[in-house]
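Notes to accompany the following structure.
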Amino acid sequence: MNIDLFFQYIVAGLTYGTIYAVVAIGFNIIYNATGIINFAQGEFVMLGGMTAVTLHQILPLPLAILAAVIITMAVGALIEILFIRWLDRPSVLRMVIITIGISILIREASLHIWGEGVRALPYFTGSSETSIRLGGVFVSPQVLWVVGISAVMVILLNVFFTYTLPGRQMRACSANRDAARLCGINAKNMVTLSFVLSAGIGALGGSIVSPITYVQYDSGTQLAIKGFTVAILGGLGNSAAAVGAGMILGVLESFSIAVLPAAYKDVISIAILLLILFVRPSGIFGSSEAARLSEF
Amino acid sequence: MLRIKNLEAGYATLKVLRKVTMHVNPGEIVTIIGANGAGKTTLLKTVCGLLRSRDGEILFDRQDIRRLSTEEIVFRGCSLVPEGRQVFAPLSVRENLVLGANVQYRRGKQAEVKNDLNRMFGLFPRLKEREKQLAGTLSGGEQQMLAIARALMARPKLVMMDEPSMGLAPLIVRDIFGIITRLRDEGNTVLLVEQNAKAALGIADRAYVLETGRIILQGQAEDLLSNRDVQRAYLGRDLDSETDI
Ligand SMILES: Nc1ncnc2c1ncn2[C@@H]1O[C@H](COP(=O)(O)OP(=O)(O)OP(=O)(O)O)[C@@H](O)[C@H]1O
Ligand SMILES: [Mg+2]
Chain G
1 MNIDLFFQYI VAGLTYGTIY AVVAIGFNII YNATGIINFA QGEFVMLGGM
51 TAVTLHQILP LPLAILAAVI ITMAVGALIE ILFIRWLDRP SVLRMVIITI
101 GISILIREAS LHIWGEGVRA LPYFTGSSET SIRLGGVFVS PQVLWVVGIS
151 AVMVILLNVF FTYTLPGRQM RACSANRDAA RLCGINAKNM VTLSFVLSAG
201 IGALGGSIVS PITYVQYDSG TQLAIKGFTV AILGGLGNSA AAVGAGMILG
251 VLESFSIAVL PAAYKDVISI AILLLILFVR PSGIFGSSEA ARLSEF
Chain A
297 MLRIKNLEAG YATLKVLRKV TMHVNPGEIV TIIGANGAGK TTLLKTVCGL
347 LRSRDGEILF DRQDIRRLST EEIVFRGCSL VPEGRQVFAP LSVRENLVLG
397 ANVQYRRGKQ AEVKNDLNRM FGLFPRLKER EKQLAGTLSG GEQQMLAIAR
447 ALMARPKLVM MDEPSMGLAP LIVRDIFGII TRLRDEGNTV LLVEQNAKAA
497 LGIADRAYVL ETGRIILQGQ AEDLLSNRDV QRAYLGRDLD SETDI
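Protein chains in written order, with my numbering: chain G, 1 to 296; chain A, 297 to 541.
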């Protein structure tokens, strides 16, 4: 493998890794607020992409994406209010079943609305043939969009959790729910907010990546598995580590194509997931508890 | 200020509180003493809405708060310093305090938060030194101070404290009890739950003795201090190891 090809694989890996990280952060936000894994997280990504594609028929691209994000956020809020909010300290198993049920519901509804067709937003700048030369590597401008927007999103999230009142309230709730209530914080609203945030993040990710990966009514499931792997790899709840873990998975997958048949690409993440769950359930970035002390 | 009548509460099939009746007047320190498992924590949790009562009445400022949410009860001015401190470990000392003032924002009194912050740093200079430190890395005594300060940031009319002396060295206990006295002298109302009966009776105005979910004795603190039953059950055995205030 020559050095240029090597970097080409790296770039491809980082692109996918970014998206996996975005999905993983969505998992983490809800996990931190509620202690549950929302298995419908991938569906938020799909919903964002699908809605953006549909709205782009009548709206300019940035507006279509913005509207898709807002609509998906509303769906996130609705789901929380309808299915989660009224439960009083539900068991983990019950939550797993409920969120899987929600994901099936969204998928089937999407199949009903959009059919089986594969869709995509147009490239934000240029087309699928355009590429920018960075050193010896050719990079699609869309890759820069994806990485750039995701990076801004991660930074904004960090600012939100560190400096704003609702951000602090959410961290307080995940640190100690009863103590947060004793400070007069409405813990239920914080859970709703976590669903809204996760839905928005997922939808934005789904929109910006759709030109590269395409989107279909069932593409959320794949992404959910990848995102979940990354979230576990980084240590549940630790969003900064999820970014690193996302890159690792993306690059691993990308290089796997060089040595394994392409069909085995998805096996990689499942294998990693199982391995981590067996060997090091707290994630590769050390103790998740310690990591959570310093990260959002 | 607080009036509890025939309160019954518990967990699932377990009945813990049985017909508890008590009250706290404005400006008093009232203490509840009782052995492990008597139901002291259960009582405080029920008052602040973390636990639903089964029967009875809880009046705060003459209004029934039995069905209100914890957030609403805190908003109305009834705060709890929970057992075992329960600070927000991954947040800084300052963030903990600001979150304590959460209801002040809702009351539209955000302008006072800065002042209150300085007041707390005056009351607990140790917290000022550790303003930026993560609360989880504080010592037990410092965490207790933080938990108290966080509750006071809400400007409560009544502050309830669940065993603030638990696991602390005598010197720190003395500091904390000194501060509770000072709070009362500044016009605050305190409901204090304690195992350290001697110290608690030493600073309290009135006291209740809770035993297996029932109030079995009540009266002026100094009367209980000299009551033979109380002396035998709660003060007797290790009189010497108790802290002197
Ligand atoms: N979450 C819970 N679920 C079930 N039972 C509980 C729960 N919390 C407390 N109990 C039970 O209720 C009874 C009273 O407990 P409580 O914590 O109110 O006692 P306490 O007087 O505060 O004791 P301590 O001085 O040890 O703190 C105990 O028998 C305890 O086992
Ligand atoms: Mg207790």
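C-beta atoms are modelled at their ideal positions from N, C-alpha and C, and glycine is treated no differently.
No heavy atom of ligand 2 is found nearer than 7 Å to the CB of T327/A. Counting C-beta pairs closer than 8 Å gives fewer than three between the segment 305-318 of chain A and the segment 472-484 of chain A, which falls short of the contact rule. If you look at G148/G, you'll find it isn't in any beta strand (DSSP E); it sits in the alpha helix (DSSP H) that goes P141 to Y163.
In this structure, the straight-line span from the alpha carbon of R446/A to that of V486/A is close to 15 Å. Residues of the segment 154-186 of chain G whose Cβ lies closer than 8 Å to any Cβ of chain A, in chain order: L165, R168, Q169, R171, A172, A175, N176, D178, A179, A180, R181, L182, C183, G184, I185 and N186. Look at T338/A: its beta carbon is less than 7 Å from one of the heavy atoms in ligand 1. Measuring C-alpha to C-alpha distances from L513/A to each of M318/A, R390/A, M457/A and E353/A identifies M318/A as the nearest. Relative to ligand 1, the nearest heavy atom lies less than 7 Å away from the CB of V312/A. Taking 8 Å as the upper bound for CB-CB distance, V11/G and V154/G are not in contact here, some 19 Å apart. Counting only residues of its own chain and dropping the five nearest sequence neighbours on each side, V75/G has a CB closer than 7 Å to the CB of L47 and A199.
In this chain, E427/A is not harboured by any alpha helix (DSSP H), its DSSP state being neither H nor E. Ranked by Cα distance from A52/G, the first of I257/G, P90/G, G244/G and G206/G is G206/G.
Cβ-Cβ distances below 8 Å link S375/A to C344, A447, L448, A450, P452, L454, V455 and M456 in the same chain, with the five nearest sequence neighbours on each side left out; the list follows chain order.
Between I208/G and the set N32/G, L63/G and V243/G, the nearest pair of CA atoms involves L63/G. Among the residues of chain G, those whose CB is under 7 Å from the CB of V399/A are G184, following chain order. T338/A sits away from A385/A, with the two beta carbons spaced by 8 Å or more.
Counting C-beta atoms within 10 angstroms of its own C-beta, H56/G has 16 or more neighbours from the protein chains shown and is therefore classed as buried. For the pair G235/G and I248/G, the Cα-to-Cα distance works out to about 14 Å.
Here DSSP, grouped into helix, strand and coil, assigns M456/A to strand. Across the segment 347-374 of chain A, CB contacts with chain G closer than 7 Å involve T366, E367, V370 and F371, in sequence order along the chain. Inclusion of L442/A and R181/G in the CB contact set at 8 Å is not warranted, their separation being larger than that value. The C-beta of R426/A comes no closer than 8 Å to any C-beta of chain G.
The beta carbon of P261/G sits closer than 6 Å to none of the beta carbons in its chain outside the five residues before and after it. Chain order gives the chain G residues near A450/A as C183 and G184, where near means a beta carbon separation below 8 Å. Closer than 8 Å to the CB of P460/A there is not a single CB belonging to chain G. Beta-bridge partners of D351/A (DSSP): E304/A. The closest CA to that of V316/A, considering only E324/A, A334/A and P322/A, is found on A334/A. Taking the CA atoms as reference points, S219/G sits about 10 Å from S210/G. Straight-line spacing of the CA atoms in I36/G and A397/A works out to 29 Å. At a C-beta separation below 8 Å, F384/A has these neighbours in chain G: R171, A172, A175, N176, A179 and A180. Every alpha helix (DSSP H) stretch that sits fully inside the segment 462-497 of chain A and reaches 4 residues is listed by chain position as 466-481. Within chain G, the residues placing a beta-carbon under 9 Å from that of R402/A are G184, ordered along the chain.
Distance from Y31/G to G250/G at the Cβ level is roughly 21 Å; contact not present, criterion being Cβ atoms closer than 8 Å. Rounded to the nearest angstrom, the Cβ distance from P378/A to A33/G is 20 Å, too far for a contact under 8 Å. Of the residues assessed, R426/A falls on the buried side of the cut-off, its CB having 16 or more other CB atoms within 10 angstroms.
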